[in-house]
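J.: In the numbering used here, the protein residues as written are 22 to 244. Beta carbons are placed, not taken as given, at the ideal position from N, Cα and C, and that holds for glycine. All figures in this text were calculated on a predicted structure; none of them were measured in a lab.
1. Within 10 Å of its beta-carbon, does residue 32 have 16 or more other beta-carbons around it, so buried, or fewer, so exposed?
2. With a CB to CB cut of under 8 Å and the five nearest residues on each side skipped, what residues in its chain are close to residue 128?
3. Fully enclosed by the stretch 96-160, which beta strand (DSSP E) runs are 3 residues long or longer?
4. Going by alpha carbons, who is nearest to residue 86 out of 131, 106, 36?
5. Quick one: using the 10 Å Cβ neighbour count with 16 as the cut-off for buried, is residue 143 buried or exposed?
6. Straight-line CA distance for residue 223 to residue 242?
7. Using the three-state DSSP reduction, which class does residue 173 fall into: helix, strand or coil?
8. Identify the continuous beta strand (DSSP E) that holds residue 198 and give its terminal residues.
9. Can the beta-carbon of residue 59 be found closer than 9 Å to that of residue 172?
10. With DSSP collapsed to three states, give me the class of residue 63.
11. Exposed or buried, which one is residue 186 when buried takes at least 16 other CB atoms within 10 Å?
12. Assuming the contact rule is C-beta atoms closer than 8 Å, residue 163 and residue 153 should be a hit. Round their C-beta distance to whole Å, please.
13. What is the C-beta distance between residue 64 and residue 79, in whole angstroms, given that I count them as a contact (C-beta under 8 Å)?
14. Would a C-beta distance cut-off of 9 Å place residue 52 and residue 101 closer than the cut-off?
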């Protein structure tokens with residue numbers, strides 16, 4: 022590198038950074054990063070989550086791995102992937118926040134998703150944490166159990182969405198419930214709130230997931 026002129030060196034540096042940008046230039050890969058931010062998953066599980074076949078999912082994961090955003094290990098006949106670091110999850114949060122700030126189309130779509138603002142909790146993050154600690158509110162994690170075990174909001178209770186209807190009796194009716202899942206684009210918490218309200222519970226949701234919580238500098242808990 023000592024023999025390079027400044028232009029060649031700058032081109033090389035930006036080319037390396039652009040590898041990350043190229044890897045992120047796919048909606049499916051962005052969704053994969055969000056899913057892997059919840060914990061490691063096998064290729065077939067990732068494929069099912071993003072609704073594509075395993076072969077295509079493997080190709081997308083390979084592109085992410087070449088950009089050093091994910092890493093893999095073999096578990097029997099399956100390949101299991103995870104993020105290369107917590108900073109990758111934070112990159113996903115920041116990218117979405119920048120997009121929401123500057124893209125009107127994204128803001129409008131999010132507003133349509135949140136057409137019933139009363140379903141959103143009005144409590145801030147730190148206040149929610151304090152209330153959950155005192156038992157004044159139940160923070161309900163409706164993601165799969167494995168994701169909860171990897172990391173969850175402090176004092177949150179795990180009750181995966183597919184099990185919610187059968188386990189309603191476990192939830193008290195005299196305490197407010199705030200559901201959450203994987204972040205603003207995740208719809209599991211919306212379904213949970215709809216189900217809970219239909220059965221007479223005082224329920225709302227927060228758009229935060231574990232990644233958003235960590236990006237705000239707040240702690241998370243692990244099983």
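T.: On the basis of the coordinates in this document:
1. exposed
2. 121
3. 99-104
4. 106
5. Residue 143 should be labelled exposed.
6. For residue 223 and residue 242, the distance between alpha carbons rounds to 25 Å.
7. Reduced to three states, the DSSP call for residue 173 is strand.
8. 197-201
9. Yes, they are a contact pair.
10. strand
11. exposed
12. About 15 Å; that fails the 8 Å criterion.
13. 6 Å
14. No Cβ-Cβ contact shorter than 9 Å links residue 52 with residue 101.
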